[in-house]
Every structure is written in C-alpha cells, then in structure tokens.
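Colleague: So the sequence lines, in the order shown, correspond to chains G and H. When you line the first sequence up against our numbering, it's residues 49 to 541, in that order. When you line the second sequence up against our numbering, it's residues 49 to 541, in that order. A single structure is presented below for examination.
Protein chains: 2
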Amino acid sequence: MLPTPSTIEETLDPQNWDSFRQLAHQMLDDMLDYQQNVRQRPVWQPVPQDVKNFLHQPVPQAPQSHSQVYQDFVENILPYPMGNIHPRFWGWVMGNGTPFAMLAEMLAAGMNPNLGGGDHVANYVEAQVIEWLKEMFHFPAQASGLLVSGASMANLVGLTVARNTCAGYDVRKLGLGAAPKRMVLYASQEVHSCVQKAVELLGLGSQALRLIPVNDAYEMDLSMLESTIADDRQKGLNPFCVVGTAGTVNTGAIDDLQGLAEICHREGMWFHVDGAFGAFAALSPQVEACVEGMQLADSLALDLHKWLYMPFEAGCVMVRSKDDHRRAFSLTPEYLAHAERGLAGGSLWFSDYGVQLSRGFRALKVWMSLKEHGVQKFGRMVVQNMNQAQYLARLVDSHPCLERLAPVQLNIVCFRYNPGELDNSALNALNEELLIRLHESGIAAPSYTTLEGRYCLRVCITNHRSQRSDFDLLIVNVVRLGAEIALESTTAQ
Amino acid sequence: MLPTPSTIEETLDPQNWDSFRQLAHQMLDDMLDYQQNVRQRPVWQPVPQDVKNFLHQPVPQAPQSHSQVYQDFVENILPYPMGNIHPRFWGWVMGNGTPFAMLAEMLAAGMNPNLGGGDHVANYVEAQVIEWLKEMFHFPAQASGLLVSGASMANLVGLTVARNTCAGYDVRKLGLGAAPKRMVLYASQEVHSCVQKAVELLGLGSQALRLIPVNDAYEMDLSMLESTIADDRQKGLNPFCVVGTAGTVNTGAIDDLQGLAEICHREGMWFHVDGAFGAFAALSPQVEACVEGMQLADSLALDLHKWLYMPFEAGCVMVRSKDDHRRAFSLTPEYLAHAERGLAGGSLWFSDYGVQLSRGFRALKVWMSLKEHGVQKFGRMVVQNMNQAQYLARLVDSHPCLERLAPVQLNIVCFRYNPGELDNSALNALNEELLIRLHESGIAAPSYTTLEGRYCLRVCITNHRSQRSDFDLLIVNVVRLGAEIALESTTAQ
Chain G
49 MLPTPSTIEE TLDPQNWDSF RQLAHQMLDD MLDYQQNVRQ RPVWQPVPQD
99 VKNFLHQPVP QAPQSHSQVY QDFVENILPY PMGNIHPRFW GWVMGNGTPF
149 AMLAEMLAAG MNPNLGGGDH VANYVEAQVI EWLKEMFHFP AQASGLLVSG
199 ASMANLVGLT VARNTCAGYD VRKLGLGAAP KRMVLYASQE VHSCVQKAVE
249 LLGLGSQALR LIPVNDAYEM DLSMLESTIA DDRQKGLNPF CVVGTAGTVN
299 TGAIDDLQGL AEICHREGMW FHVDGAFGAF AALSPQVEAC VEGMQLADSL
349 ALDLHKWLYM PFEAGCVMVR SKDDHRRAFS LTPEYLAHAE RGLAGGSLWF
399 SDYGVQLSRG FRALKVWMSL KEHGVQKFGR MVVQNMNQAQ YLARLVDSHP
449 CLERLAPVQL NIVCFRYNPG ELDNSALNAL NEELLIRLHE SGIAAPSYTT
499 LEGRYCLRVC ITNHRSQRSD FDLLIVNVVR LGAEIALEST TAQ
Chain H
49 MLPTPSTIEE TLDPQNWDSF RQLAHQMLDD MLDYQQNVRQ RPVWQPVPQD
99 VKNFLHQPVP QAPQSHSQVY QDFVENILPY PMGNIHPRFW GWVMGNGTPF
149 AMLAEMLAAG MNPNLGGGDH VANYVEAQVI EWLKEMFHFP AQASGLLVSG
199 ASMANLVGLT VARNTCAGYD VRKLGLGAAP KRMVLYASQE VHSCVQKAVE
249 LLGLGSQALR LIPVNDAYEM DLSMLESTIA DDRQKGLNPF CVVGTAGTVN
299 TGAIDDLQGL AEICHREGMW FHVDGAFGAF AALSPQVEAC VEGMQLADSL
349 ALDLHKWLYM PFEAGCVMVR SKDDHRRAFS LTPEYLAHAE RGLAGGSLWF
399 SDYGVQLSRG FRALKVWMSL KEHGVQKFGR MVVQNMNQAQ YLARLVDSHP
449 CLERLAPVQL NIVCFRYNPG ELDNSALNAL NEELLIRLHE SGIAAPSYTT
499 LEGRYCLRVC ITNHRSQRSD FDLLIVNVVR LGAEIALEST TAQ
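What follows is the structure in structure tokens.
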C-alpha cells in the first residue's frame, strides 16, 4: 500500500528565509501600528458580504506565496475585528491584550513546547506563574493550580474536583449512577451559565444546581441558601458544594464570600468561587476587602484574559488540596510514564491536573506581563476601571433621559435611555435598537442584558485603554441615538 | 470604600513605542534565527538548577523594562525548550509548528478577538477552516465542527454529544442518576487515556468503558466487540457508543473503521473516532485507504498540532449532526442573547458547541497555513513521515542488536536494543537508561512505551524537519549507547 519513497525530502519551513524574514518584519510593523493607532479606528464595523464570500471557498490544493496569504489577511481580516482591543469596547467581559503579551505569544509559538509534562523550562515558567497567582490571591503555597483556556474550563475543573472529592465513593470508576444519594450544589440565580454547563457535562444534571435568590444588590441570599441546604438534607440528598460568585456577569455583584465560606465549613461542603473577573479586585489593597473570604475557597476560577488584560486564552484554576486535584484527573498509561531523568523526568506533569494532555505555552505571556508591569500596576488598573464605572454611573444618574438599572459595585454599569412616557416594552425595543446603532456607528461597544424584564445597555470596563473622556463620548451618543430613535417611532405612528 | 479617582489615567501600552518597536524587531529576528538554526542545537538539554531557582521567586511588585524582561527570557527560557521543533524529536505525538504559523499566532494575539460568538471576521475564518477540514476528512457539508485545544477536548466534546443524544431522556437536566439503564461504551485496549478521562468526567464511570482486546496488529477485535455488546444488552445495559481509533498512541494501529461503522449502524450506536493524528492519512490519496470508514463517524476528534504540524494548541471536533451537537452544549442566558444586527448579530456562535465561552483565534494559523502550503503538500508530508518510519523499521530489522516490537502501520516504530543473553527485565532496565542517555546527549528524543511487558523506544514521526539521515544518526547512537550500558553492567557484575 505504501508508495516507494521519494528521494526529495520536503519541509514546511520557508524556502527563502531572507524574503520570509522581510515579510515577517512587515507583519510585525503592521501589527504594532494596528495597536498604536487603534483609537483612530471605529470600534467595530460589519463584515462586508464580499469578505464573507472570500471566506467561503474550497480548501486550497496548491500553495500560495507568503506575501499573497498575508495580503489576503490584511485586506479581508485585519479591518473587521471584534473590537475588544479598542478603548471604547465594553461588551461582555473582555480584556484588550497588550503589545508585549502579543510578542510573548509569538515567542511561545516559536518555542512551541507542550506543557503536558516533562522536564523542560516551560513547565517551570507555568509553575512560577501559578506560584505568583497563589500569592496574588492569598491562596496557600501548598495549593495546586493550572492554567486553562478560561473560566469556563476553570470552573469545570474546580467542580470536577469537588464532585469527585465529595461523592463519598469512587465516582471516577463507578460513575454517578452509583451515587447512594443524589449530589446537589448551590449558586445564586446570577451565577454564570458556564457553571450550569459544567454541572450538565459532569452528569449531575442542571436540576442538581439549586439557584438561590438574590437580594437587591444581586448577591446570594444566605438565609435562603441555608434553608435550601437543610431541606435537601431532609430529602435525603447530598449537598456537596456551594459556588460563590466574585463579580456576576450581569451587574458585577459579589456574593458574601466570607459568609459562604462559613456555611460551607459548618456544613462540610466544598466552597468553589467563580472569580472570573471580580477576583482581580484582590490585586489592590484599596478595594480587596470586597472579595474578602475568597481566599478561603476550596477552588477558585479566574480569567486572566479578562481583568488581567491578557490576550486570549488564559484562565486559571486553583485548588486548595493538591491531592484532591490530582486524584480527580491523574491517569498515567505506559506511554506517559514519568522517568527519573531526561526529557520525561521532572515532577511537573500538568496533564495530571486537568482535561488537556497537550498544553500550549500560555504561561509565557503571563510571566512576561507580570514582570513588565509588576502586580501593583495591575491593581491600579483595576481600581482605575472601577473609578471609571463610578464616573459613568454619575453621568447616567445626572442625565434626565438616562436610567441606571443596577447598583455599581465593581466595574459594570447597566442603564437605559428612558425619555419617559414609554412603557417597558417600548423602552426595551428602543434600547435594543439603540445598542445596535451604537455598534454600527463604530463609536462604542457596550453589550446588553435584561434585568427584571428591562433591557439595558451594559458597560463592563476591563479595558486598560479607556479614559474618562471615552465615557463622555458614550453618553453623548447614547442620548443622541436615543432621541433619534424615539423621534422615528413618534413620526412612524 | 472606593478611593477618590486619580487624575492620571494609566495604560498597559508601551510608554515609548519607538524603543518598544525596536526591541520587538529584535525578538522577531531572534526567533527566526532560533527556528532557522534549530538543527545546530541539541534536541534537548536539562534545565540548570540556577534557572529553576530563577523561576522560583516572589511575584514582581514593581515594573521591569521590556528589554530586561526579554533578556531574562533569552537567558533562562529560550535555551531549554522541550525540543519538539527539532528535526530529531520523535517523542509522544507532537508537531513542530512552523515559522509562518508562529507569525499567525502573533497576528491573532494582536487582533485578539473572542470567537465565542458575534458578527466579526474571526468567526468567519473559523467557519472557513471547519469547512475545509470537513472537506479534507470527507465529512458531509452540513456537519458541524469546532476548533478546540486538542484531541483530549475534541474527544470530550464528541463523547458528550454521544452521551446526551443516546441517553434517551434529558440527561442535561436530570443527570446520569436518572438513567433507566446504565450507559456503556466500547473502545480497544489501545484507546488513548483521554477517552477514559472523558468518560470519568462525564460521570459515566470508567467501568462503563469496555476495553475490547486487540489482535496482533493492535487493532480492535470486532467479534469480541460484538459479543460484548450482546452480553451487555442481555444484562439490561444501554450500549450507546463505540470509539474507534485511527492511529493508536502506542503503535499507530488503525481499527477497522469500516467494520466499526457497520456494527454501530446495525446496533443503533454512536460511532466516535479518535483520529488525533492517524486521521491525517486521509490527506494523501496514496494512503487514505487505511482510514476508510472514518468518514462515516458520527463524531471525529483531530489534533492539528500533531500531524498538521500546527503550533500548540489546535484540535478539532466534527459532529455529523449539527443539531445533536448544538443540543448538547447550547445555553443562552440574557447576557448572551443574539441580536439581529450589530456586533452581537450573525449566526456563528461557537460557544453553543463546546465548553469554552471565550475562545481565542487559533483558526488563523490553520487558515494561513493551509493557504501557505495547500492541502496536497500536507498529504505529501504525511506520506514522507510514513516512509521515514518504514525506512527506520528497515534499519532496525537489519541490525543484529536491535529488535522491533510492533508492526509499523503508520508513523510509529517501537524497538529496543537487544544484544541477546539478557532477560526481559534486564533489557527493560537497559533500554530505559539508554533512552535517558539519548535525551541527555541532545542527539535525539524518541519517547517510550511498554508493549506486553517490554520497554521500548518509541519513535513517532510527525516532524516536517526530519530527514532520512536523522534516522541513520539515531540508529548509530542507540547502538553505541546500548553497547556502552551493556558493557557497564557487565563490568559492574
């Protein structure tokens, strides 16, 4: 079946390194320009139909020149980004990335190690980064940690360890069908959807996730939590875990983490915290009190590509008990056996602590960035974004046609254009259209959510390029577009 | 609690773009040199203790200059890679990456979009790449796909869809505790450990994974599979899925995929294929017959950072039924509601098809690389590696002190140094030491496995830089080191 060997041995390396190098420097210059001048461009613009057509072709059979491929990138891809590197992007929860971290990604891809295990330097870099993160978030030195793709995966890993540790039998071997009591866990109604996805993936079933009501500040109601746990015990269930949230995605609310830690301790339950972005308040001595209790978690999920401003992807999970963590994931077949010396030696086998066996060098950008700025500056940036949220809240509160819809606890401002005299359904339609026009204008990109039936513009500030003047511009344009749409609907009637 | 706003607004961008740009060009030149001259360096060298110490420090509080941070990288990190970009690295299953894909990673981190969803160009690039992959692997055009971190995640996603689709009830809501019949699935004894990890994560329990014996070529015994399924049905279990392997990690064996597809069709079971690296045989018309039947899979897991030579991380899962795929993962809370126009518009919401909500632009390197070389060249590279494996097998077979321990079906050669007169346990110890010395010499980096109790050197060729002369050098040094160790043990006795 196998053909006779050809005598020519090919490679995927450039045939002409000199011209390749020249193009590479052009690419680098272009990208630095792209970042340096981001403020001059629209935040976002729609992808034209001819670009969509260009990206709908059969697979290339023959090679194209490097310069042609790059030209295709420059013309069709570079102009139509999501926009999250822009100073006026405040949608969902996204960091900007930084130019230095971009270069770190190039270095990482050039070295291209696999951090699943083995004795090579990249694993030591990740171990160092995890040490640093434990220090930054006041986790004990003997805790374990793992860099992952993001908080969805970090929450999944944390909840896997929780499930396996608290099952009371060998759930890895026997599965959930063998559970003597049904396992249930708790989170607030504002918990991020990725927690539900994790619970479903783990085979617990979303019914096992009890959603506890929140107070007016969108924080979990602790007395409701306690009574629900008691009810569930009464029913013969196994309440094994509480998920606290440090920074809800809707409004940035932070659960009473200290209170949750005490309840978990008393009840003998696992305490997991989804700190995707809110956890980073811990970086500033000025504001760290708002996440007090987080350091008591049994497991903590973080997103470094959110409020540490790293480029995608960079999340982290920390687990207080390294043994529990390892027991939940370790599996070592013959072809992964660890050696005493050589490349297969060393004690850092990160694949024993998560889903991935092949793992990229995402640690490098974190390592280089924490050295570049020092952790104090990251703390100041977090406070700067919180101050900007307060600034924006004041702008909203002082304008007669704007209505704020939630308290500003952290870095999220939810509000709507409300000129009066419109019912809620009309306001929802108006604000939905307003947001779309704001995006289409290229001026600013908040996202949206719905709070108690009220559609709102949602400004989430995890942006190191925003300045207060950007929020002035936002308000001016929200009011302008709101009035424009309100007038159109009046005219149309 | 919140401090009064400072009047100075900071950013994480460089203060001096000109000197930053100069350093960036230096970094690029260094990395191109690093790749161009890789053949002149040792494959691997141990990480010195002082580097380990350097990577064990408290978190930096104050900033360091860009050039200082880069200098730290150059001195402490760059010299101690895993080695998989080297022409004589053949450990585990790892690609090299390419210089052009490295640059693509820089572009991706510079644009830094989030491919969870929304109407921006990066999502169209990923959609294009998935279209191409479906074409390359003969999957139907209406199938769905998702780029993921690697095959561990790709297998997890595929098996999640299988579990949820075949449960016969709403397993997302009710969990596995509600299963009327216990769900069981099948794979060969040679299946990759990540499949067991996925089964454990999903709450099925590793007991639910029936490991079917293999024949002399390490392929699943299909009659044993059929009788085990029949037995399990008899016992009142729910046999729901067969996992076929295209390229086992130990020896590169390929299950009879056509036969498995027929059994699954007859039995009404889900057919999942772990094609992590073996699937890429489909890229060459000369050898694609060996994975015949793979295109009939209900779900297929691939690793583009293996035999498509992409830098880490790049995996892909394809699912024949887009609806099944979406049903297993889609969850759309208010803050992720999809809009009609604007940034939150468009129909490409990849977060509905997997675990990750925030997703990086790994599609770009794949898109640029497939354009750079064309798919035919990738097919030729796969065949080149297969030919090199046959070449190495002949070198082993023709040497009196070398013993080949498994058939070479694809790109993996398992062998040991065997001078005769030693029992198996002595041979194991000798070859284990031999491999470590080979690593320590910096000459070549195979990995290892144990087949029927026999420790072997395992050469897995997914390397676009290897030449036949590299295998000559391997053999010379294996024989030299083997004789050296054998002599030492004789002398020591």
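Using N, Cα and C, we set each Cβ at its ideal position, and we do this for glycine too.
Tell whether a beta-carbon distance below 8 Å holds between S254(H) and E248(H).
Modeller: For the purposes of this step, residue 254(H) is taken as residue 206 along the second sequence, with counting starting at 1. For the purposes of this step, residue 248(H) is taken as residue 200 along the second sequence, with counting starting at 1. Contact flag set, yes.
Colleague: Are F325(H) and G295(H) close, meaning C-beta to C-beta below 8 Å?
Modeller: For the purposes of this step, residue 325(H) is taken as the residue at position 277 of the second sequence. For the purposes of this step, residue 295(H) is taken as the residue at position 247 of the second sequence. Cβ distance < 8 Å, so F325(H) and G295(H) count as in contact.
Colleague: Compare the C-beta of Y383(G) with all C-beta atoms of chain H and state if any pair is closer than 8 Å.
Modeller: The residue given as residue 383(G) occupies position 335 in the first sequence. Taking Cβ atoms only, chain H reaches closer than 8 Å to Y383(G), which makes this a yes.
Colleague: Under the DSSP definition of a beta bridge, which residues are partnered with Y496(G)?
Modeller: Reading the first sequence from its first residue, position 448 is the one you call residue 496(G). Beta-bridge partners assigned by DSSP to Y496(G): L505(G).
Colleague: Any residues in the region 444-472 of chain G with a beta carbon nearer than 9 Å to a beta carbon of chain H? Which ones, in chain order?
Modeller: If you check each beta-carbon in the region 444-472 of chain G against every beta-carbon of chain H, none falls closer than 9 Å.
Colleague: Taking L440(H) as the reference, give the member of V423(H), V526(H), L379(H) and W92(H) with the closest Cα.
Modeller: By one-based count along the second sequence, residue 440(H) stands at place 392. Nearest neighbour of L440(H) by Cα position, chosen from V423(H), V526(H), L379(H) and W92(H), turns out to be V526(H).
Colleague: For chain G, is any of its Cβ atoms less than 8 Å away from the one on N144(H)?
Modeller: The residue labelled residue 144(H) in the question sits at position 96 within the second sequence. Closer than 8 Å: yes.
Colleague: Determine the direct distance from the alpha carbon of E57(G) to that of V177(H), and round the result to whole angstroms.
Modeller: Position 129 of the second sequence, counted from the start, is the residue given in the question as residue 177(H). Position 9 of the first sequence, counted from the start, is the residue given in the question as residue 57(G). V177(H) and E57(G): Cα-Cα distance of roughly 27 Å.
Colleague: Who are the neighbours of C549(H) on chain G, taking C-beta pairs under 7 Å?
Modeller: Lying before the first or after the last residue shown, residue 549(H) is absent from chain H, which here runs from 49 to 541.
Colleague: Smallest Cα separation from V613(H): which of M184(H), Q282(H) and V86(H)?
Modeller: This structure does not reach residue 613(H), given that chain H is present from 49 up to 541, and the question cannot be answered.
Colleague: Within 10 angstroms of the Cβ of M49(H), are there 16 or more other Cβ atoms? Answer buried if so, exposed if not.
Modeller: Translated into positions along the second sequence, residue 49(H) becomes position 1. Legend: pLDDT at M49(H) = 45, less than 50; position of this residue unreliable, value from coordinates given subsequently. Classification for M49(H): exposed.
Colleague: Contact between the region 370-380 of chain G and the region 130-141 of chain G: three or more CB pairs below 8 Å?
Modeller: no
Colleague: Given that a residue counts as buried once 16 or more other Cβ atoms are within 10 Å of its Cβ, and exposed if not, what is Y383(H)?
Modeller: The count along the second sequence starts at 1 and reaches residue 383(H) at position 335. Classification for Y383(H): buried.
Colleague: Quick one: does I484(H) have its CB under 8 Å from some CB of chain G?
Modeller: Translated into positions along the second sequence, residue 484(H) becomes position 436. With 8 Å as the cut-off, I484(H) counts as an interface residue toward chain G.
Colleague: Could you name the residues of the region 145-162 of chain H whose beta carbon sits closer than 9 Å to any beta carbon of chain G, in the order they occur along the chain?
Modeller: G145, T146, P147, F148, A149, M150, L151, A152, E153, M154, L155, A156, A157, G158, M159, N160, P161 and N162
Colleague: Counting only beta-carbon atoms, is Y357(G) nearer than 8 Å to chain H?
Modeller: Residue numbering aside, residue 357(G) sits at position 309 when the first sequence is read from its first letter. So, interface residue.
Colleague: Under 8 Å, with one C-beta from each stretch per pair, do the region 351-371 of chain H and the region 225-241 of chain H reach the 3-pair mark?
Modeller: no
Colleague: Tell me, please, whether the CB atom of N98(H) is closer than 8 Å to any CB atom in chain G?
Modeller: The residue given as residue 98(H) occupies position 50 in the second sequence. Rather than Asn, the amino acid found at residue 98(H) in this sequence is Asp. With 8 Å as the cut-off, D98(H) does not count as an interface residue toward chain G.
Colleague: Relative to the C-alpha of N511(H), which residue among L352(H), L308(H) and L470(H) is closest?
Modeller: Translated into the one-based positions of the second sequence, residue 511(H) becomes position 463. With distances taken between Cα atoms, N511(H) lies closest to L352(H).
Colleague: Just the C-alpha distance for F450(G) and A349(H), rounded to the nearest angstrom, thanks.
Modeller: On the first sequence, position 402 is the one that residue 450(G) refers to. On the second sequence, position 301 is the one that residue 349(H) refers to. Here the sequence assigns Leu to residue 450(G), which means Phe is not the residue at that position. Approximately 50 Å, taken between the alpha carbons.
Colleague: Counting contacts by CB-CB distance shorter than 8 Å, is Q74(G) in contact with chain H?
Modeller: Position 26 of the first sequence holds residue 74(G). No, because no Cβ of chain H sits closer than 8 Å to the Cβ of Q74(G).
Colleague: In chain H, what lies closer than 9 Å to V507(G) by C-beta?
Modeller: Residue mapping note: residue 507(G) aligns to position 459 of the first sequence, counting from 1. Near V507(G) there are no residues of chain H at all, since even the closest Cβ is about 13 Å away, more than 9 Å.
Colleague: Going straight from the alpha carbon of W140(H) to that of Q457(G), what length do you get?
Modeller: Taking the second sequence and counting its residues from 1, one reaches residue 140(H) at position 92. Taking the first sequence and counting its residues from 1, one reaches residue 457(G) at position 409. Approximately 49 Å between the Cα atoms of the pair.
Colleague: Could you please give me the residues that DSSP links to W318(G) through a beta bridge?
Modeller: For the purposes of this step, residue 318(G) is taken as the residue at position 270 of the first sequence. DSSP, once it has assigned bridges, lists C289(G) as partnering W318(G).
Colleague: Any chance the region 478-493 of chain G sits against the region 108-115 of chain G, with 3 or more Cβ pairs inside 8 Å?
Modeller: Not touching, per the Cβ criterion.
Colleague: Please list the terminal residues of the continuous beta strand (DSSP E) segment that includes E451(H).
Modeller: As a working mapping, residue 451(H) is identified with position 403 in the second sequence. Unbroken beta strand (DSSP E) run through E451(H): L450 to R452.
Colleague: Report yes if the C-beta distance between N162(G) and S406(G) is below 8 Å; otherwise report no.
Modeller: Numbered from its first residue, the first sequence carries residue 162(G) at position 114. Numbered from its first residue, the first sequence carries residue 406(G) at position 358. For N162(G) and S406(G), yes; Cβs fall inside 8 Å.
Colleague: With a threshold of 8 Å between beta-carbons, can M49(H) be considered close to chain G, or not?
Modeller: Mapped onto the second sequence, residue 49(H) falls at position 1. Confidence in M49(H) is poor, its pLDDT being 45 and thus under 50, which makes the residue's placement too unreliable to answer from.
Colleague: Does chain H have any CB closer than 8 Å to the CB of T539(G)?
Modeller: Position 491 of the first sequence, counting from 1, holds the residue named residue 539(G). Not closer than 8 Å to any Cβ of chain H, the Cβ of T539(G) fails to qualify, so no.
Colleague: Cβ closer than 7 Å: which chain H residues qualify as neighbours of Q112(G)?
Modeller: The residue labelled residue 112(G) in the question sits at position 64 within the first sequence. Under the 7 Å cutoff, chain H gives K419 and E420.
Colleague: Spatial neighbours of A256(H) within its chain, please: CB distance less than 8 Å, with the 5 preceding and 5 following residues excluded, ordered by chain position.
Modeller: Along the second sequence, read from residue 1 onward, the residue named residue 256(H) stands at position 208. The residues are R230, M231, V232, L233 and V247.
Colleague: Are the CB atoms of I533(H) and L499(H) within a distance shorter than 8 Å?
Modeller: Start at 1 with the first residue of the second sequence, and residue 499(H) comes out as number 451. Start at 1 with the first residue of the second sequence, and residue 533(H) comes out as number 485. Not in contact: L499(H) and I533(H) (Cβ atoms no closer than 8 Å).
Colleague: Which residues bound the alpha helix (DSSP H) around M366(G)?
Modeller: Taking the first sequence and counting its residues from 1, one reaches residue 366(G) at position 318. Run containing M366(G): none in the alpha helix (DSSP H); it sits in the beta strand (DSSP E), G363 to V367.
Colleague: Please state the DSSP three-state secondary structure of P258(G).
Modeller: As a position in the first sequence, residue 258(G) is number 210, starting the count at 1. Here the sequence assigns Arg to residue 258(G), which means Pro is not the residue at that position. Note: R258(G) maps to strand in three-state DSSP.
Colleague: What does a CB cutoff of less than 8 Å around G251(H) pick up in its chain, not counting 5 residues either side in sequence?
Modeller: Residue numbering aside, residue 251(H) sits at position 203 when the second sequence is read from its first letter. Same-chain partners within the cutoff: G223 and L224.
Colleague: Which chain H residues sit within Cβ distance under 7 Å of E340(G)?
Modeller: On the first sequence, residue 340(G) is found 292 positions in, with the first residue counted as 1. Within chain H, not a single residue places a beta-carbon under 7 Å from that of E340(G); the smallest gap is close to 11 Å.
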